[in-house]
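Undergrad:
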């Protein structure tokens, strides 16, 4: 159960939030990448619009729609940063924000201080040069399109930050959900959130079933497989927790690492309950 980001700023802010709330986690860093293959048009907004009007061998209508969306997104960001906006707040708008901020940064158009991004005084956006990228499948005649558009292949080797959440306390998992909603898309957040809730509930049921006895691990796994899935009524519906034998074994390993159980000679002994 983990959250992954390639953004250094998201990593820093999320890390601070988790520590402040006392949520248990481990941070792992590894090499990752971003990739895009397609074409780009570059110039001022007016110049790019003119290029779209005359380009051959590409779907002009789709390019116009895409460029209109690009300009609307840019204007939306500019409205925020004219008065100054926190980086994490901007990121909540969507992953496209980072790309536009990067282009504005390369134009020397923004200042960044204490987590706040602001448009520099006197910047004339109509004079800035942008890159409008579009996928290769919008081009049906590369030879003609490439008279104006440039081929664009982007491979960015970057660090990837993985937050492995170790929390079992449901109250803190709920707090985590509120924190993570500032940084991650809702569908991604919900998948991680309910996986964490499911692991917490399953862990609690395992610990309750152990009592004060040493139970053979094989018997414990079989008993929980007979009880699978666990169905729990909620205010808004039903939460169903399904699991495999391997998943139960992994939860037991997790509980052992967290100091809740002892596993010796194939038997499981409870050391403490969930708080």
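Residue numbers (my numbering): 48 to 322. Glycine is no exception: its CB is placed at the ideal position from the N, C-alpha and C atoms. For clarity, every value in this text was computed on a predicted model and none was experimentally measured.
When the Cα atoms are used, what is the spatial distance from residue 232 to residue 74?
TA: Approximately 20 Å between the Cα atoms of the pair.
Undergrad: I'd like to check one pair, residue 173 with residue 92: are the Cβ atoms closer than 8 Å?
TA: Their beta carbons are under 8 Å apart, which means residue 92 touches residue 173 by this criterion.
Undergrad: Rounded to the nearest angstrom, what separates residue 115 and residue 193 at their Cα positions?
TA: In a straight line, the C-alpha of residue 115 is about 21 Å away from that of residue 193.
Undergrad: Along the chain, where does the alpha helix (DSSP H) that runs through residue 167 open and close?
TA: From DSSP, residue 167 is part of no alpha helix (DSSP H); its letter is neither H nor E.
Undergrad: Starting from the C-beta of residue 127, find all residues in its chain whose C-beta is less than 7 Å away, skip the five residues before and the five after it, and write them out in chain order.
TA: Within the same chain, residue 127 has close Cβ partners 137.
Undergrad: Out of curiosity, what's the CA-to-CA distance linking residue 377 and residue 151?
TA: No statement about residue 377 is possible, as the shown extent of the chain runs from 48 to 322 and does not include it.
Undergrad: Per DSSP, which residues does residue 183 bridge with? Please list them.
TA: Looking at the DSSP assignment, residue 183 forms no beta bridge with any residue, so it has no partner.
Undergrad: Within the same chain, show all residues whose beta-carbon is closer than 8 Å to that of residue 285, passing over the 5 residues directly before and after it, in chain order.
TA: Answer for residue 285: 278 and 279, listed in chain order.
Undergrad: Name the two residues that bound the continuous beta strand (DSSP E) containing residue 49.
TA: 49 to 52 is the extent of the beta strand (DSSP E) around residue 49.
Undergrad: Looking only at DSSP bridge pairs, what is residue 199 linked to?
TA: Paired residues: 85.
Undergrad: Quick test of your reading: residue 243 and residue 320, contact by CB under 8 Å. State the CB separation rounded to the nearest angstrom.
TA: Wrong, their Cβ atoms sit about 19 Å apart, outside the cutoff.
Undergrad: Look at residue 166 and residue 125 and say whether their C-beta atoms are less than 8 Å apart.
TA: Against a cut-off of 8 Å, the Cβ pair of residue 125 and residue 166 comes out as a contact.
Undergrad: For the candidate residues 85, 200 and 211, whose alpha-carbon lies nearest to that of residue 76?
TA: The shortest Cα separation from residue 76 among 85, 200 and 211 belongs to 211.
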